[in-house]
């Protein structure tokens, strides 16, 4: 069965500092990997996804993620955070197109001025 | 990517009653997914709804409690039956947007009193 672990429940970063959110997955074959962001009271917005190909994936809002098969990881990064990046971030894994997603527990990001 | 209209956006319901949540997609999709997000928690898949067949429920979720309809390729409903305060959650529908990733509705915030 597929599973996702986000080791950090909360992260606090200063505005302008870099951000890295960790995601580790468990899945036997090549996974479909996603990062979503959920602002307070809002739905989920897709930041980026990995299906195959280049292991460094660029997304929206200046985010990127790197797929590392050897480490079963798909960490999300942003070089310089903005106050508007304060939100909950979810990593998710799927086993094929059209199949269900399994979500990690989420990481809440707080941005200090 | 697909656009999902989900309603109601929020509701406050009395225990013992039922609420039906609707999701309308602007394009035809094979499968629709229903998730629950309990307060402060991640997303948990309730069931997968395939047009023309019974929904497939995840462990811990049963059809009597969460009946789902999928009358065509653009619409689905989830009913939360005989509600208790423990059902207070955000309920989200989702579709696979193929190369665009999975799209989510804006969610239904349910409070049971």
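Protein chains in written order, with our numbering: chain U, 1 to 113; chain Y, 1001 to 1113.
Beta carbons: idealized from backbone N, C-alpha and C, even for Gly.
The model shown is predicted, which means the values in this text are computed figures rather than measured ones.
* Hey, residue 112(U) and residue 15(U) are a contact pair by Cβ (cut 8 Å); roughly how many whole angstroms apart? -> Against the first chain, residue 112(U) aligns to sequence position 112. Against the first chain, residue 15(U) aligns to sequence position 15. With a beta-carbon spacing of about 7 Å, residue 112(U) and residue 15(U) fall inside the 8 Å limit used to define contacts.
* Given residue 12(U) as reference, the closest of 85(U), 65(U), 46(U), 40(U) once Cα atoms are compared -> Locating residue 12(U) in the first chain gives position 12, counting from the first residue. The residue with the shortest Cα to Cα distance from residue 12(U) is 85(U).
* **Neighbourhood of residue 78(U) by C-beta, 6 Å cutoff - its chain only, sequence neighbours within 5 removed** => Position 78 of the first chain, counted from the first residue, corresponds to residue 78(U). Non-local beta-carbon contacts of residue 78(U) in its own chain, meaning distances under 6 Å to residues more than five positions away in sequence, involve 19, 62, 63 in chain order.
* Kindly indicate which three-state DSSP category residue 1011(Y) falls into: helix, strand or coil? => Position 11 of the second chain holds residue 1011(Y). Assigned with DSSP and collapsed to three states, residue 1011(Y) falls in strand.
* Interface flag, residue 43(U) vs chain Y, CB-CB below 8 Å -> One-based indexing of the first chain puts residue 43(U) at position 43. For residue 43(U), the answer is yes, since a Cβ of chain Y falls inside 8 Å of its Cβ.
* **Inter-residue Cα distance where the pair is residue 82(U) and residue 89(U)** => Here residue 82(U) refers to the residue found at position 82 of the first chain. Here residue 89(U) refers to the residue found at position 89 of the first chain. Rounded to whole angstroms, residue 82(U) to residue 89(U) spans 15 Å at the Cα level.
* Asked: Roughly how far, in whole angstroms, is the beta-carbon of residue 6(U) from the beta-carbon of residue 107(U), given that I think they are within contact range, below 8 Å?
  -> If you number the first chain from 1, residue 6(U) lands on position 6. If you number the first chain from 1, residue 107(U) lands on position 107. Taking C-beta atoms under 8 Å as the contact rule, residue 6(U) and residue 107(U) qualify, at a distance of about 5 Å.
* Asked: Among the residues of its own chain, which have a CB less than 8 Å from the CB of residue 1001(Y), if the five just before and after it don't count?
  -> Indexing the second chain from 1 puts residue 1001(Y) at position 1. Annotation for residue 1001(Y): 1097, 1100, 1101, 1103 place their beta carbon closer than 8 Å to its own, counting only its chain and skipping 5 residues before and after.
* To do: Could you name each continuous alpha helix (DSSP H) segment of 4 residues or more that falls completely within the stretch 35-67 of chain U, going from the start of the chain to the end?
  => Fully enclosed alpha helix (DSSP H) runs of 4 or longer: not present.
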